[in-house]
Structures are given as C-alpha cells and as structure tokens.
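Data block below; observations after.
Protein chains in written order, with this note's numbering: chain A, 50 to 273; chain B, 50 to 273; chain C, 923 to 1149; chain D, 923 to 1149.
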C-alpha cells in the first residue's frame, strides 16, 4: 500500500490526543507556529496537557488559547513572560500556583528535545551553570570547565508547522519557520505537520529538510 | 574586506598542520573521502598524528597512505579491519603495538564528533552497553535502561569532502558524500573543505547544507 | 527439502516486512531482503550512511560513486528518499525510529543476546561499524544466519560465546532451517524446514527450543544464492 | 559632551567588530550594531533562531512573516546566508563558533559575572531565552548598557545583586560613559566620555576602575536614539 500520511483535517489529526498528553508546539520569533493544529487541539479539549513550547506567551502563537481554555497543567519553555505590564492569563495561573512551569535556557531546551529524538537520555551542557535556573541540578567538571547535567525531553505529540510536504511526510521549511520543528518532530511518538501544501510528486532528495520518517500525519493549513 | 576562504592548493591548505595534530577525515561507504587533502597532508609529512576517521582501512580512502608513511600514532574509528586475509600495514602496526587504536560504535563515533562541535562535553548512549567495547566506561541508568557515558571528540583539523562551495565556505554535498563531513567540520578548530567547484555566486540559502561558519579554507579538488 | 540458501533466507525475512515500516538492512546477506519485499508493500529502507529511502542497486550505467549504501554498494534513491549526514542517521537509529533492523550474526542466545561483530581473526583489526547502535536501538532486531557453523556447531545458544553486540535485543531469527521468535521464555519456533523433525532441529541447536502450537513449514521459492 | 544615547553605544560597539567575525547581537539595543559596521567589513550575523547571515531589517514591501530574527523583527538574509534549525543554531553557539555576542545587561561584576535575564517584575513569568547559552559559550561576550540605573545606582559592581546569566563571561562593556575591558584584575577603562573625569566615572561605578595608560576619549557621531 502506498505510503500517504495526509489526513482530512486538523481536527481529525488531533482527535486521539488524550488527557494528560505531553505536546510539543513549534514556533519562535513570529515564525513557524502550528496554529491550525493548536486551535484544533483546543477544540478537542483534552485536559491536563503538558505543553513544550519555546515561548508560553508569544503573541503570534495560539499556545495561549490552550492555557486560557484551562487545558494546560504544565509548561516547559525558555520564555514565560507576557508582553504587557499586566499579567497574562498564563502569568495569573502561574502566580496562583495553578500551572506548573519549567524554564530552561533556550539552547538547553532545544538540545533536550534533540536528545529526546536522538536516543540520548542525558547530556552535559555549560549553559546555565552557576545560575539560579540550574540550582539543584547535578554538575560535573570536564577539561577544567563546569557543566550541568540535563535530561532529554520527549512528547506524545508534536505539532509542527512547515512549508511543503509530500505523501511520505518529507518536509521543507520557509526561512525561519524552521526553528524548533525539526527537533520536535524527532522527539514525539506522534508528529503532526501543518503545511502550506502537500505536493503530488516527492520532494527532491536534496530539498528535503526533515525526512518523512519523523512525520506521521499531514494537514494542509487553512484546510480544516 | 570580502570574506573569501579559497586557498591556492591542498598543499597550501595543510601547510601549517603540526606534528601531533588531531586530524578528522570524512568519508564512508566509498563516498566523501577528502583524498586530495589526505595526500597533501602525507606530503606535508607532519608526524605523530591522531587520525579520526570512520574506517582506518577503506580501500577507496587514502587514509592508509598516512599510516603507511609512518605519520600516524593513533587512530579513532569504528572499523579497523583490512579486507584481505593478510594484514594491512595498519593491522601489522597494531599487532606490533606501534599504533594506538580506539574503536567506537559508529553511532557513538558520530555523536562524539557532533558533541565536540556542539559544546556538549559528554553524553549517555545505549550503544555498546554490556559489551566488551565499553568495558570500564562509566554507566548509568535512566528510566529503567542502562547507558554508557561517552565524551566528545574534537580535532585540530578536519579534512572534509563536499560538492559545491561559495566564497563564504558554505557547502553542499552530493548524495552519500555527506556522511561525516558536516559533523567533523563543526568539531575542528580548522576545517578545510575539498570541493568539486567553488561557485562565484553565493549558494542559495535553502541549498546550503553546511554553513560557512564552520569552514575556514576551501580547495578545489584536483586543482592542487 | 534442502536447507534454504542465503538468498532464500533473505526472501523469507522479507515476507515479514510490513507496509510503511522503516527498515535497516545489514551489510552482506540482509541487504538482499529489499529485493524480495512482497509486491504492493511500500516501506522505507534506511542505510546507516544516511540514505533514507534507499532504492535498488544501480545499473552499471546509472551507478554514481557518490550514491552508495553503508556497504559501499552503488545504489539508487527510492521515490520520497533523501540523504542525511551520519550524525543524524545514527540519531535516527538511536532514537528508536527504525522499526526493524535485519542483521547477520554469529550467535544468538535464548535471552536475545546478539554476537555479530567480532569474528576474532587473529591480529586483524576490530570491525564494529553500526551494528551496536542498530542492535541497541531498533524497535525490533531480526537476525538472519545459517543455523549452524561451518563445523556444525550451533549458533542458537543458551549464552553467547563470542563478544556481544548488544544484550537482550534479538526478537526473531531466520535460519536456513527455521523461523524462531525470541520470547521472555526463550526460543519459540514458528516454522521448520519441510522434512526436518522438531527433534532434529533441537539437535542442531545449543539451547532448548519450544515449538509454537501452530508451528508451520518453512518454505521459499527457488532462488539462486546471490551472496 | 552628552552621554551617548543607546544608538551611539551600539555604534561604538560596532566599530570593534572585525572582518570575518561571526557575531550574535542580542534582542533590543544590540541588534542595532549591525547598522553601524564600518564600511568594507564583511561579517556574519547569527541570530539564535537559526538565521546565519542575517541582513538588515526588511522594508515594509519586502517583509516576510517567515523571515524573522530572534527578536521577531522581519529581516533579510545577507549574501551567503542560510537558515538552520534551533537545535543546530544553539549547537553552533554552545560549540564556541560565535566570535562575539553583544548583549544588553542589568549588571556586570568585576570578575565578568553577567546579570541580564531576570528583571524581577513581580509575578511576571521568567524570561530566559538564549542569553545563558550565548553568555556561557560565545568566544567573547560584550555588554552594552547604560552606566547607571534609572535611579542612579551603578551597574558595574564588585558582585552582581541580580541572578546571574553566566559567571565570569563578560570581556568588554560599552556604556554611555565609557568603554571598559574586564580583565583578571577587574575593570580596565579604555575610553571615557569627553569632559568626564576619571574620578567622576569612578563615582558612578560600584567597583574599582583601573584606567589604561593610553585611556582615550569615547566619541560617537550624532545619531538619533532608535530604541
């Protein structure tokens, strides 16, 4: 049977995301947010989610809609500050102790996800050594320098935004849309990609930026 | 001043490789050997080298010429067996205790090099756990599974074969030529790329496979 | 019936590769599995040198020195294929993204221990390659090998005598005589060569075999030994 | 002379960026350094979202929502530029491939300790981003900041009072009043604003300053504060 990872809609793609799922969401700096899938996940209404996303509060990401809908129990991110002077819904929940939060240096966040997809359970990094953020974490000296031990991050589902796909799930990304998508796709049991277009012919080998091996479902953005 | 990493010849590119240098050499499965640079390094005659190469004995790689010229003190690789029934020069030296050898699982070899370029001094891997090859190495349990601690590999020089370059040192690779080149380029203080052609215009952003940040010198293959 | 030749063993293993699987085929005999995948099944052959979606071996005219697999064979790329670098290729392997790897072996133990990397040729250098990574991290490790050594000794053992590639990893073994599952209770035989009694198979094995209630007959079409 | 405005501080730091350098410019004030690199120097601006070879901010017509920097500015790609993913971008940063990062800061200590990530706004969520990775691993960390807080307190200190971004990492500080090197013996001033005495600069600092024998005058062209 020919491999074909297209599904009919974002709603169908997230229909089996369960309560308590760990969900990665791509996007950074205004680009690469898997917003159709995030909204579908909000409509799906699975509760007690752990959200793994670079920023919990970026205004162009719809991650905040999951938080506002009360679906999120825990956030792992590198940026958790709302832009305004007042408190965002996330910050209010955090203040009230109603949402868990783990903040990592962005490079550690990225590497933990890469490790999660690469079969590396833990690694040492210089980032954050000697700071409050890594207080209590195991440290070790290699070659006269101090490092922090960090463990891999994996997820049940990754929601990833890309540009083009083919039926095999191969992806290309436009410019800075790339960011966390490729690593997150490797670190989840189920990766769903939201793309501008699924082309009928295979993407040329040298243009594939993420092999379809890492992608289980494809949705065309705006097609829900 | 415009960035331009082209140098006149392979000989010029390796002219300052010192005795005792740690040298990475790309290539695997018959593709991607930086053979012009290897021959130039042999002619350069620096001694006591540590060679970091996937196979110490692949017949299509000229790595063996460095060993035969008596320039190599130590080899780090994943494959060290000559093809014939008799002993290769490398194997004879190894038998006689005249050359050092460290053999790693190929994935560990690759990841140690990637770690060397990525600022990760050490990581845990499942590969090789419970085997003679990792005997004596530190182990640790994560999530009910056992892992081996492996340390990063770095080098003074990486000799990397690629297809196209531009003056910035951006590289593309043809097919399976890619193999260890990208990781090695990140893990050496000085990376020299041997390419089919240096094009006058910059490689299109989406076609760059290794950013020029990692490449210090460019040589056109066959142009020495 | 004659014991299966190596090509027939590859054919038999290939029949169990399912639609959509990501499969890594070891150097030598296992790569020939790709020639015998049942018609209509589409799967992704991963070669650990980074070819994701390896196609058949190239014709002499189409052969390209830069397009090779981990065994240095000049190959093609299948539709939907691409090439990644070695660090990423092994990240894929180690990360558990390979559904099945089919490997050659010297010995397999009843607890799934695999020995396939060190043939202990005096003074020859050690050859590890990617076997340890594949054995440790593929979701399912299948072995194909002759049931016995050239001198007639068993390769299915209570405990391996050769250095391990990885402990407790093998799930299935395809030999010239049988198809065997490795279960928590040891070897469980699912198919035996026609005309070979269970007792005769047991006699050629170095560990206790159990036989599945529906244990069937191992058959393969006539195929010339390619290896 | 007036203290430098923020754009002038960026201008001053930019004068020290050398040909061929790989440079990461922090969000906010530091990104403006790229506007003032001396003519004829070609260098590579790395943005930690993966743009390697970031060009100037895009015009309104050319702006592309998918082509942004780490500060969400819509930018262009410089000739020779490319885009890599975040895991690789930070592998590049952590691996020591960034020659210089220019970061904003709240405080810098005489031992090079940097505090720039936590402004301790009550109940607001923590914002770390990539600063810790850059501070820990760039070959050279430069800071640009006002010499004093809004309430007049010093930002150059014997020890930071705010949570650290990284210990012992800062090599140079560019302020509205001076250019200061961080040496193993503490702060060494290389340039002071015209008309400001060494004693006055010392009075506005929270750690002992030494002055280089050739300590010069800090000057910048007239530039409107962009920030």
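Cβ coordinates follow ideal geometry from the N, Cα and C atoms, glycine included.
Could you check where the beta strand (DSSP E) with residue i kicks off and where it finishes?
i: residue 969(C); result: 966 to 969
i: residue 1020(C); result: Here residue 1020(C) belongs to no beta strand (DSSP E), and DSSP marks it neither H nor E.
i: residue 162(B); result: First-last for residue 162(B): 155 to 167, but that is the alpha helix (DSSP H), not the beta strand (DSSP E).
i: residue 243(B); result: 237 to 244
i: residue 1028(C); result: That residue, residue 1028(C), is in no beta strand (DSSP E); it is neither H nor E in DSSP.
i: residue 1131(C); result: 1131 to 1140
i: residue 1002(C); result: 997 to 1005
i: residue 74(A); result: 71 to 74
Within 8 Å (strictly less), CB to CB, does residue i reach chain B?
i: residue 62(A); result: no
i: residue 941(D); result: yes
i: residue 937(C); result: no
i: residue 174(A); result: yes
i: residue 196(A); result: yes
i: residue 1077(D); result: no
i: residue 931(D); result: no
i: residue 78(A); result: no
In the DSSP assignment, find the alpha helix (DSSP H) that holds residue i and state where it starts and stops.
i: residue 126(B); result: Unbroken run through residue 126(B) is the beta strand (DSSP E), 121 to 126; no alpha helix (DSSP H).
i: residue 26(A); result: As displayed, chain A neither begins before 50 nor continues past 273, which places residue 26(A) out of reach and without an answer.
i: residue 85(B); result: 84 to 93
i: residue 1120(D); result: 1120 to 1125
i: residue 1014(C); result: 1008 to 1016
i: residue 929(D); result: 928 to 936
i: residue 142(A); result: 138 to 144
i: residue 64(A); result: Taken as a continuous stretch (DSSP letters only), residue 64(A) belongs to no alpha helix (DSSP H), as it is neither H nor E.
Could you compute how far the alpha carbon of residue i sits from the alpha carbon of residue j?
i: residue 188(B); j: residue 200(A); result: 15 Å
i: residue 57(B); j: residue 944(D); result: 24 Å
i: residue 947(C); j: residue 132(B); result: 21 Å
i: residue 172(A); j: residue 169(B); result: 7 Å
i: residue 952(C); j: residue 1028(C); result: 14 Å
i: residue 52(B); j: residue 967(D); result: 13 Å
i: residue 984(D); j: residue 215(A); result: 28 Å
i: residue 78(A); j: residue 54(A); result: 29 Å
i: residue 1069(D); j: residue 925(D); result: 10 Å
i: residue 237(A); j: residue 143(A); result: 26 Å
i: residue 94(B); j: residue 1127(D); result: 56 Å
i: residue 1087(C); j: residue 1049(C); result: 11 Å
i: residue 1143(C); j: residue 965(C); result: 22 Å
i: residue 962(C); j: residue 217(A); result: 16 Å
Within 8 Å (strictly less), CB to CB, does residue i reach chain D?
i: residue 162(A); result: yes
i: residue 89(A); result: no
i: residue 231(A); result: yes
i: residue 254(B); result: yes
i: residue 273(A); result: At residue 273(A) the pLDDT is 40, less than 50, meaning the model places this residue with poor confidence; the figure from the coordinates comes in the next sentence. No, because no Cβ of chain D sits closer than 8 Å to the Cβ of residue 273(A).
So, does the CB of residue i fall closer than 8 Å to a CB anywhere in chain A?
i: residue 951(D); result: no
i: residue 880(C); result: The question about residue 880(C) has no answer, for chain C in this structure spans 923 to 1149.
i: residue 154(B); result: no
i: residue 251(B); result: no
i: residue 959(C); result: no
i: residue 1019(C); result: yes
i: residue 1014(C); result: yes
i: residue 964(C); result: yes
i: residue 192(B); result: yes
Report the CB separation of residue i from residue j in whole angstroms; it is logged as a contact under 8 Å.
i: residue 1146(D); j: residue 1004(D); result: Going by Cβ atoms, the distance from residue 1146(D) to residue 1004(D) rounds to 33 Å, so no, they are not a contact pair.
i: residue 110(B); j: residue 76(B); result: 5 Å
i: residue 241(B); j: residue 268(B); result: 7 Å
i: residue 289(B); j: residue 72(B); result: Only positions 50 to 273 of chain B appear in the structure, and residue 289(B) is not among them; the question remains open.
i: residue 1105(D); j: residue 1060(D); result: With a Cβ gap of about 18 Å, residue 1105(D) and residue 1060(D) do not count as contacting.
Chain C beta carbons: is any one of them nearer than 8 Å to that of residue i?
i: residue 50(A); result: yes
i: residue 56(A); result: no
Give the list of continuous beta strand (DSSP E) stretches no shorter than 3 residues that lie fully inside the region 246 to 271 of chain A. 266 to 269
Within the region 1073 to 1122 of chain D, ranges of the alpha helix (DSSP H) (whole runs, at least 4 residues): For the alpha helix (DSSP H) assignment, the region 1073 to 1122 of chain D encloses no uninterrupted run of at least 4 residues.
Mind pulling the alpha helix (DSSP H) runs of 4 or more residues that sit fully within the region 1034 to 1077 of chain C? Unbroken alpha helix (DSSP H) stretches of 4 residues or longer found wholly inside the region 1034 to 1077 of chain C: 1053 to 1059, given in chain order.
Sequence ranges, beta strand (DSSP E) only - wholly within the region 201 to 233 of chain B, length at least 3: Segments of the beta strand (DSSP E) lying fully in the region 201 to 233 of chain B: 204 to 210.
Residue ranges of each beta strand (DSSP E) run of no fewer than 3 residues wholly in the region 941 to 990 of chain C, ordered along the chain? 944 to 947, 966 to 969, 973 to 979
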